[in-house]
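**Q** Dropping a structure here in structure tokens format, bear with me for questions.
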Ligand SMILES: [Zn+2]
């Protein structure tokens, strides 16, 4: 029913109004960044919000007058207004909330966490680029993120989990997408990075990181059928479950792999450098690659190429596996094959061997190379799980393992929560402790119902 929903969006004195650039309400210069001051006079009871800082604000019987100044270079000017009640909380960055009906309790919840999340991300990435952050309640259900404010629907903001899922996601967009702008022609990296450092990081802080990644991989497996896949360089915005699984999910996993490969310190250093170098400028995957290469001290071009410019993902199969009894134990030989079309990926897959009669498994701390690598243990034998191996061959390779007793079985799949990655479990502990404790009482849930797409970065 596009007619009905469009009617709801028409500006009206009762509902409010939104003036995006597409209405051409101001002179528009293609591609250039702009600084601006905007003064607006509006009807009585209205509040009008834009980017930047509110420098003056007067209300009287005839209406209100407001001036917003943005010395920070912007890609476009957003202006939203309507009959709204304003709430504020002072701080290094002013927190504001504009609600359609007075609701101090709800406002306080948002104002309370705004400063906390801004502080968390400042610590992680670098200075918040604006003077304020405002929650603005929209008159239809949206999840739009604009520089220094977010436009969320009435139902959305009352869902209990939004406060610690979509809301920090929108706050973080002030660094990714609304701070460093996206060079859309070379692919939208900002949604995946924002999802990784908001939605995923918050899940991780609650001990649910693996669960979140598995859900992300599940969506990729479920929705990205042949013909629906595309390289990350072709992602512009989410318009389907498949495009979300690639543009958000696969990009999120790219950053997870980078973090596991570099370790927390270098990963964070790369993000900080990327932010410092590109704030208020457009950047693409190539700029990210340069920042991560500089932090890692080695060229990551080929790593980026295989995940960013190529559609699809590796498909692995456990091939021939044998356990041969020897004098002092058993020799385990496993072949892992890449069976996807096209050239092999350079990747690392953790391996685990479960030993007969023992709880838990032995995980390989090493990576698997072309020639294979012996994996030895003096413990008793059990089971091989293909949670980890590095391969650079299309036909696989072999890994040899010596055990003192008989090998029970080989299986794969169980316990696999990541795609192939470099690194070992627990490599990323430091990052997850940043801001830990925020939103302990929030409830996780499926936010897809509430997501909508704006021109700029959105949920
Ligand atoms: Zn987003």
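In this note's numbering, the protein residues as written are 1299 to 1757.
By construction, the Cβ of each residue, glycine as well, lies at the ideal position given by its N, Cα and C atoms.
1. Between which two residues does the alpha helix (DSSP H) containing residue 1777 stretch?
2. Quick one: complete beta strand (DSSP E) runs, 3+ long, within the segment 1418-1503?
3. Compute every distance between the C-beta of residue 1492 and the non-hydrogen atoms of ligand 1, then say whether any falls below 8 Å.
4. Specify the secondary structure class of residue 1386 as computed by DSSP and reduced to three states.
5. Check for me: the alpha helix (DSSP H) holding residue 1328 runs from which residue to which?
6. Which residues in the same chain as residue 1489 place their Cβ atom closer than 6 Å to its Cβ, once the five residues preceding and following it in sequence are excluded?
7. Going along the chain, which residues of its own chain have a beta-carbon closer than 6 Å to the beta-carbon of residue 1694, five neighbours each way excluded?
8. Would you identify the three-state DSSP class for residue 1635, choosing helix, strand or coil?
9. What are the boundary residues of the alpha helix (DSSP H) that residue 1354 is part of?
10. Counting along the chain, where does the beta strand (DSSP E) carrying residue 1396 start and finish?
11. Check the C-beta distance from residue 1531 over to residue 1475 and give it rounded, since I have them as a contact under 8 Å.
12. Using the C-alpha atoms, what's the distance from residue 1422 back to residue 1590?
13. Shortest alpha-carbon distance to residue 1408 belongs to which of 1456, 1420, 1550?
14. Quick check: is any heavy atom of ligand 1 less than 8 Å from the C-beta of residue 1468?
15. Assuming contact is defined by CB atoms lying nearer than 9 Å, are residue 1337 and residue 1364 in contact in what I supplied?
16. Residue 1606 to residue 1529, Cα distance in whole Å?
17. Express the C-alpha separation of residue 1504 and residue 1327 in angstroms, rounding to a whole number.
18. Tell me whether residue 1537 counts as near ligand 1, meaning its Cβ is closer than 8 Å to at least one heavy atom of that ligand.
19. Tell me whether residue 1613 is buried or exposed, calling it buried when 16 or more other Cβ atoms sit within 10 Å of its Cβ.
20. In terms of residues, what are the limits of the alpha helix (DSSP H) holding residue 1557?
21. Going by CA-CA distance only, name the one from 1507, 1426, 1418, 1454 that's closest to residue 1435.
22. Distance check for residue 1610 and residue 1332, CA to CA, integer angstroms please.
23. Pick out the complete alpha helix (DSSP H) segments inside the segment 1567-1599, 4 residues or longer, and give them in chain order.
24. State buried or exposed for residue 1325, treating a residue as buried only when at least 16 other CB atoms are found within 10 Å of its CB.
25. Let me confirm a value: residue 1355 is counted as buried when at least 16 other C-beta atoms fall within 10 Å, else exposed. Which label applies?
26. Whose C-beta lies closer than 8 Å to the C-beta of residue 1573 among residues of the same chain, with five residues either side of it excluded?
27. Go ahead and pull the three-state DSSP assignment for residue 1602.
28. Need the endpoints of the beta strand (DSSP E) that residue 1377 sits in, please.
29. Grab me the residues of residue 1345's own chain with a C-beta within less than 6 Å of its C-beta, minus the 5 sequence neighbours each way, in chain order.
**A** So, from the listed chains and residues:
1. Nothing can be reported for residue 1777: it is not among the residues displayed for the chain, which extend from 1299 to 1757.
2. Counting only runs of 3+ residues, the beta strand (DSSP E) found wholly inside the segment 1418-1503 occupies 1430-1436, 1441-1444, 1447-1451, in chain order.
3. The answer is yes for residue 1492.
4. strand
5. The continuous stretches of alpha helix (DSSP H) do not include residue 1328, and DSSP gives it neither H nor E.
6. Within the same chain, residue 1489 has close Cβ partners 1545, 1546.
7. With a pLDDT of only 38 at residue 1694, under the threshold of 50, the placement of this residue in the model should not be trusted; the figure read from the coordinates follows. 1617, 1633, 1634, 1635.
8. strand
9. First-last for residue 1354: 1351-1358, but that is the beta strand (DSSP E), not the alpha helix (DSSP H).
10. 1392-1397
11. Between residue 1475 and residue 1531 the Cβ distance is about 17 Å, and since that is not below 8 Å, they are no contact.
12. 15 Å
13. 1456
14. Correct: residue 1468 has its Cβ closer than 8 Å to ligand 1.
15. yes
16. 6 Å
17. 45 Å
18. no
19. exposed
20. First-last of the alpha helix (DSSP H) with residue 1557: 1549-1560.
21. Checked all of 1507, 1426, 1418, 1454; the closest Cα to residue 1435 is 1454.
22. 38 Å
23. Runs of the alpha helix (DSSP H) inside the segment 1567-1599: 1583-1594.
24. exposed
25. exposed
26. 1423, 1424, 1473, 1477, 1478
27. helix
28. 1377-1381
29. Hits under 6 Å: 1382, 1384, 1396.
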